[in-house]
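Let me begin by presenting the structure, written as structure tokens, before commenting on it.
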Amino acid sequence: MGTENNTKKKSSFSLMFKRLFGINKKELDLFEEEQMQSPFRTVVGNFMANRLAMTAIIVFFVIFLFVLIGPKLMPIDLSYQEGTQKNIAPGSDMMKLPEAMKKNPASISNGASFGVGASADGKVHVWGKTRISKTINIKNVPSDMGKVIQVSAGYDHVVALNENGEVFGWGNGRLGQLDIPDDIGRHGKIVQIAAGYQITLAVAEDGYLYVWGNENVNDIRVKKRTQDKDIVKVAVSADTAVALTKNGEAKHLGAEQSAVSRVPEEAKSGVVDIAATAATAAVIKEDGSVVVWGNTTQGLSEVPKMEGKPISIVGGRYHYTVLTDAGKAYSWGSSRFKQTKVPAAAGSGVTAIYGSYYQNYAVKADKVVTWGLKGYFLGSDELGRDVLERIVNGGRMTMTVGAVAVIISTIIGIIIGGISGFFGGKVDLVLQRITEVFSAMPFLPFAMILSTIIGNQVPENMRIMIIMVILGVLSWPQLARLVRAQVLAEREKEFVTAARAMGVKQMNIVFKHIIPNVISVIIVTATLDFASCMLTEASLSFLGFGVQLPNPTWGNMLFGCVDSVVIQNYWWRWVFPAVLLSICVICINTVGDGLRDAIDPKSNEK
Amino acid sequence: MLRYVGKRIIYIIGVFFLISIIMFGIYNAIPGDRALTQVAPLKGKVSAEQFETAYQKARDDLGMDDPLPIRYGKWMGNLLTGDLGYSTFYRQDVIKVVKSPLLATLFINIFATILALAITIPLGIYCAVKKFSKFDNAVQVGTIVGYSVPSFVIALLSIYVFAVILGWFPVNGMNTPNFKGNGFEFFVDRMYYLTLPLFVMTIASLGGMTRYVRAAMIDALRMDYIRTARAKGLKEKVVIYSHAWRNALLPVITLIIGWFLSIFSGSIIIETMFALNGLGKLYYTGLMNQDYDVALAMQMFYVVISLVGNLIVD
Numbered sequence: 001m002g003t004e005n006n007t008k009k010k011s012s013f014s015l016m017f018k019r020l021f022g023i024n025k026k027e028l029d030l031f032e033e034e035q036m037q038s039p040f041r042t043v044v045g046n047f048m049a050n051r052l053a054m055t056a057i058i059v060f061f062v063i064f065l066f067v068l069i070g071p072k073l074m075p076i077d078l079s080y081q082e083g084t085q086k087n088i089a090p091g092s093d094m095m096k097l098p099e100a101m102k103k104n105p106a107s108i109s110n111g112a113s114f115g116v117g118a119s120a121d122g123k124v125h126v127w128g129k130t131r132i133s134k135t136i137n138i139k140n141v142p143s144d145m146g147k148v149i150q151v152s153a154g155y156d157h158v159v160a161l162n163e164n165g166e167v168f169g170w171g172n173g174r175l176g177q178l179d180i181p182d183d184i185g186r187h188g189k190i191v192q193i194a195a196g197y198q199i200t201l202a203v204a205e206d207g208y209l210y211v212w213g214n215e216n217v218n219d220i221r222v223k224k225r226t227q228d229k230d231i232v233k234v235a236v237s238a239d240t241a242v243a244l245t246k247n248g249e250a251k252h253l254g255a256e257q258s259a260v261s262r263v264p265e266e267a268k269s270g271v272v273d274i275a276a277t278a279a280t281a282a283v284i285k286e287d288g289s290v291v292v293w294g295n296t297t298q299g300l301s302e303v304p305k306m307e308g309k310p311i312s313i314v315g316g317r318y319h320y321t322v323l324t325d326a327g328k329a330y331s332w333g334s335s336r337f338k339q340t341k342v343p344a345a346a347g348s349g350v351t352a353i354y355g356s357y358y359q360n361y362a363v364k365a366d367k368v369v370t371w372g373l374k375g376y377f378l379g380s381d382e383l384g385r386d387v388l389e390r391i392v393n394g395g396r397m398t399m400t401v402g403a404v405a406v407i408i409s410t411i412i413g414i415i416i417g418g419i420s421g422f423f424g425g426k427v428d429l430v431l432q433r434i435t436e437v438f439s440a441m442p443f444l445p446f447a448m449i450l451s452t453i454i455g456n457q458v459p460e461n462m463r464i465m466i467i468m469v470i471l472g473v474l475s476w477p478q479l480a481r482l483v484r485a486q487v488l489a490e491r492e493k494e495f496v497t498a499a500r501a502m503g504v505k506q507m508n509i510v511f512k513h514i515i516p517n518v519i520s521v522i523i524v525t526a527t528l529d530f531a532s533c534m535l536t537e538a539s540l541s542f543l544g545f546g547v548q549l550p551n552p553t554w555g556n557m558l559f560g561c562v563d564s565v566v567i568q569n570y571w572w573r574w575v576f577p578a579v580l581l582s583i584c585v586i587c588i589n590t591v592g593d594g595l596r597d598a599i600d601p602k603s604n605e606k
Numbered sequence: 607m608l609r610y611v612g613k614r615i616i617y618i619i620g621v622f623f624l625i626s627i628i629m630f631g632i633y634n635a636i637p638g639d640r641a642l643t644q645v646a647p648l649k650g651k652v653s654a655e656q657f658e659t660a661y662q663k664a665r666d667d668l669g670m671d672d673p674l675p676i677r678y679g680k681w682m683g684n685l686l687t688g689d690l691g692y693s694t695f696y697r698q699d700v701i702k703v704v705k706s707p708l709l710a711t712l713f714i715n716i717f718a719t720i721l722a723l724a725i726t727i728p729l730g731i732y733c734a735v736k737k738f739s740k741f742d743n744a745v746q747v748g749t750i751v752g753y754s755v756p757s758f759v760i761a762l763l764s765i766y767v768f769a770v771i772l773g774w775f776p777v778n779g780m781n782t783p784n785f786k787g788n789g790f791e792f793f794v795d796r797m798y799y800l801t802l803p804l805f806v807m808t809i810a811s812l813g814g815m816t817r818y819v820r821a822a823m824i825d826a827l828r829m830d831y832i833r834t835a836r837a838k839g840l841k842e843k844v845v846i847y848s849h850a851w852r853n854a855l856l857p858v859i860t861l862i863i864g865w866f867l868s869i870f871s872g873s874i875i876i877e878t879m880f881a882l883n884g885l886g887k888l889y890y891t892g893l894m895n896q897d898y899d900v901a902l903a904m905q906m907f908y909v910v911i912s913l914v915g916n917l918i919v920d
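One line per chain: the protein sequences are A and B, in this order. Per this note's numbering, the first sequence starts with residue 1, numbered consecutively. Per this note's numbering, the second sequence starts with residue 607, numbered consecutively.
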């Protein structure tokens, strides 16, 4: 009876206590023990509870996967550059036709980064990246052109022809490509206009060829041919021009010897249509055969087997597209921007094809089918390279350099710190001096001079590896000091004494017994070091002393962007790599901080 | 204490010589014939024999045929007596070349430090006092961003916003070209040009310093004497500013010294970006133009700075 009362009392007492101090835990049975958690699980739990750090780690993994998988999808060709695709703004509207253009367009043409067309009612429409410079924009279409029946876009200018045979031009006219001759009506109506790179051509009814603009570029020097009065059609690309004469002969319009100037015998008679790419020309003959000549790389001579007889041909920069009398379109040549991947919709009922540079337009009764380059998601840079592609590949480079450097510095730091802390005495003294030497070396200047010395003596891959080693070898002292301090604190503990008593080798005591006990500090430091190594690599490359162009890294993509023109006009060239690099470093630092808090909750107070 | 300092100084001198040997070795490993560069302007003007003698004389003058240790000894001797060598790019003694950039860098760095301190100390104290408040959490996130974002990104962004879009400040440079005016006008003009770089340097250092000040202050606030002071019924302001802050000051001063010294090498990026005629720019152009005497002198300067910094911090 008495004992019963006693226990009751106790329990009510303890209840009171618990309520007093607000401990509201589930009461455990006498034999139940509070569940133990391994330190690792505690750390993980703490970390997971930190929302900021969790977000950071997720963002970081997204970026990490992006740069890990990205290069597989977008392998980089380091030697690639494309003069016509320079500094194009981000977007994918290069083939986004306005509504009015989708039904029976009268004419479509496209320049390097924009499209222009005349709709059925004779109105001119413009789409794509039309901004050429601060003052020149293709969008500023001249008014009062009447009913336009034909348009032609060159690299950065456009000419239009109306039903009365009048010619209009707009866009970049700095080299006279818009200075339409005064005598343009003298040879009868204009039947065809063609705009190229800094040059414009127009064919008159009687076969006279008008040429204005800069004839001194590339392979288009046509003045001496203009008097022949035998031309029916011209085809012009950014680098060359060919013409079709009245008696079905293909002619090269350039004055100089070039790949295209040697017109093959087959193309000297019976030609019905002509086209030109950057360094080749092609004709369709009456019998339906296609002849390609010139510098036929990138599969330009591999004419596919076609259903029906080809009736018209257009040339892009490195590809051709042909329309057959079966209403089917075929493309061949380079397919870097999928410009030869003809969609199924263009497999029948096509009435006309247009195309240039990297785009194709196939006109059908009710719509216009397009294929080719839609645009650059993140724009293109000063050499016409895709910024997205460079960011993806550059990210991989930046992260690889950072990771390898951190691994090197962590290994050195652990070894030096561990030995120095465990053995003490003279070993410690010497190692401490070495650490001092390395930490007294000013990081950035020293890395710069080392990078200068290896200079151009070694191949680029070797150079990148050396840069990783330099970064790693210069950044270990801090970790070594930390590890040393930790090891000093651990080495007098019982487990070390026990290990000693068992006769474990000294090196094994350091690296197999002590180091695993201080691993948490090492992980945190390594994480934060990873961020700082990435930053250093970026700074070095930014200054031009790290990874060299054309190998991209997030740092050297910004190299050459410190220029008010680039900063203002071509913002996409520096904003994206800069933002991505910053986000990445912020995430890693946040994760490092979160880890530190998770491992040592006391540090949270700081 | 004095013994400790003496011991440290001896160590540091040892470290200095060790580094100088490494540096000298590295600079000597750079390919290139300095004697040839020196006599290169003579080429074509004089006969081949005269050129050859001039070349040999230059080699002798530069002591290029001496063994490495002797060259090191000569160089070290010159260095200690203040002769830093000859700049092939500026065609002047290095010591003369260095003078005005040194002053510029000192000016920029001191100014940036003062600005940064003026912001970080109050901010750090406030965050420490209101720790874990919403404001503090926001500042904590802000500081992570602050010390993570590379300084060249901050520089690019601020050039874009303040120089290109708003047009408030010039994009780069130190003075209006061919500026004429009296001393004060000159100073105003210079400050106009330096505002943007100073802004960037200050912003770039806010993150790390605020965190440090906050941590030091939190440590100080946890001490028993703070509880005592509060228990005495002192005003919270007095507790914070005269009790806690005074004790937090020591680690903060250590930080300031270390940080001040570290921005010497850190200002390479800012000086290059803003075309400021400072030490970092000098080092950069020196390396770019194979003007190794300048680069070596700069490098030794950085080493001395960081060694002195380590000593003071210790």
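Here a beta-carbon is modelled for each residue, glycine too, at the ideal position from N, C-alpha and C.
Contacts between residue 589 of chain A and chain B, judged by CB atoms closer than 8 Å, involve 750, 753 and 754 in chain order. A direct Cα-to-Cα measurement between residue 126 of chain A and residue 304 of chain A gives close to 33 Å. Taking the Cα positions, residue 460 of chain A is about 20 Å away from residue 385 of chain A.
By a beta-carbon distance limit of 8 Å, residue 420 of chain A does not contact residue 476 of chain A. Their separation comes to about 12 Å. Taking residue 133 of chain A as reference, the option from A:43, A:464 and A:174 with the minimal CA-CA separation is A:174. With its beta carbon less than 7 Å from one in chain A, residue 766 of chain B belongs to the interface. Residue 624 of chain B belongs to the set of residues whose beta carbon lies under 7 Å from a beta carbon in chain A. In the DSSP assignment, residue 743 of chain B falls outside any beta strand (DSSP E) and lies within the alpha helix (DSSP H) extending over 740 to 754.
At a cut-off of 7 Å between beta-carbon atoms, residue 912 of chain B makes contact with chain A. According to DSSP, residue pairing for residue 310 of chain A in a beta bridge involves A:324.
For residue 502 of chain A, the number of other beta carbons within 10 angstroms of its own is below 16, and it is reported as exposed. Judged by their CB atoms, residue 809 of chain B and residue 760 of chain B are nearer to each other than the 7 Å cut-off. Sequence-ordered contacts of the region 806 to 824 of chain B with chain A read 821 and 824 [C-beta pairs closer than 7 Å]. Residues of chain A with a Cβ closer than 8 Å to the Cβ of residue 762 of chain B are, in chain order, 558, 561, 562, 567, 574 and 578.
Beta bridge pairing from DSSP links residue 150 of chain A with A:161. In this chain, the beta strand (DSSP E) harbouring residue 168 of chain A covers 167 to 171.
For residue 159 of chain A, there are no C-beta contacts with chain B under 9 Å, since the nearest C-beta of that chain is about 34 Å from it. By the C-beta criterion, the region 552 to 572 of chain A is judged not to be in contact with the region 723 to 737 of chain B, since fewer than 3 inter-stretch pairs fall below 8 Å. In this structure, residue 729 of chain B and residue 745 of chain B form a Cβ contact; the two beta carbons are roughly 7 Å apart against a cut-off of 8 Å. With a cutoff of 7 Å on beta-carbon distance, residue 780 of chain B and residue 882 of chain B are scored as near each other.
The Cβ of residue 893 of chain B sits closer than 7 Å to at least one Cβ of chain A. By the C-beta density criterion, residue 365 of chain A is exposed, having fewer than 16 other C-beta atoms within 10 angstroms. Straight-line measurement puts the Cα of residue 618 of chain B at about 44 Å from the Cα of residue 783 of chain B. Think of a sphere of 8 Å around the beta carbon of residue 909 of chain B: the chain A residues whose beta carbon falls inside it are 440, 441 and 442, in chain order. When Cβ-Cβ separations below 7 Å define contact, residue 90 of chain A makes no contact with chain B. In this model, residue 313 of chain A and residue 122 of chain A are separated by some 24 Å (Cα to Cα).
Contact check for residue 47 of chain A against residue 587 of chain A fails: the beta carbons are separated by 7 Å or more. With fewer than 16 other Cβ atoms inside 10 Å of its own Cβ, residue 425 of chain A counts as exposed. Straight-line spacing of the CA atoms in residue 483 of chain A and residue 114 of chain A works out to 60 Å.
Boundaries of the beta strand (DSSP E) harbouring residue 210 of chain A: 209 to 213, taken from the DSSP string. Under the DSSP assignment, residue 821 of chain B falls in the alpha helix (DSSP H) whose first and last residues are 789 to 827. The three-state secondary structure of residue 633 of chain B, taken from DSSP, is helix. Residue burial is scored here from C-beta neighbours: residue 592 of chain A has at least 16 other C-beta atoms within 10 angstroms and is therefore classed as buried.
Within chain B, the residues 754, 755 and 756 have their CB atoms less than 8 Å from the CB of residue 585 of chain A, given in chain order. Within its own chain, the residues whose Cβ lies closer than 6 Å to the Cβ of residue 733 of chain B, once the five positions on either side in sequence are excluded, are 742, 745 and 820, listed in chain order. Residue pairing of residue 849 of chain B in beta bridges, as defined by DSSP: absent, with no partner found.
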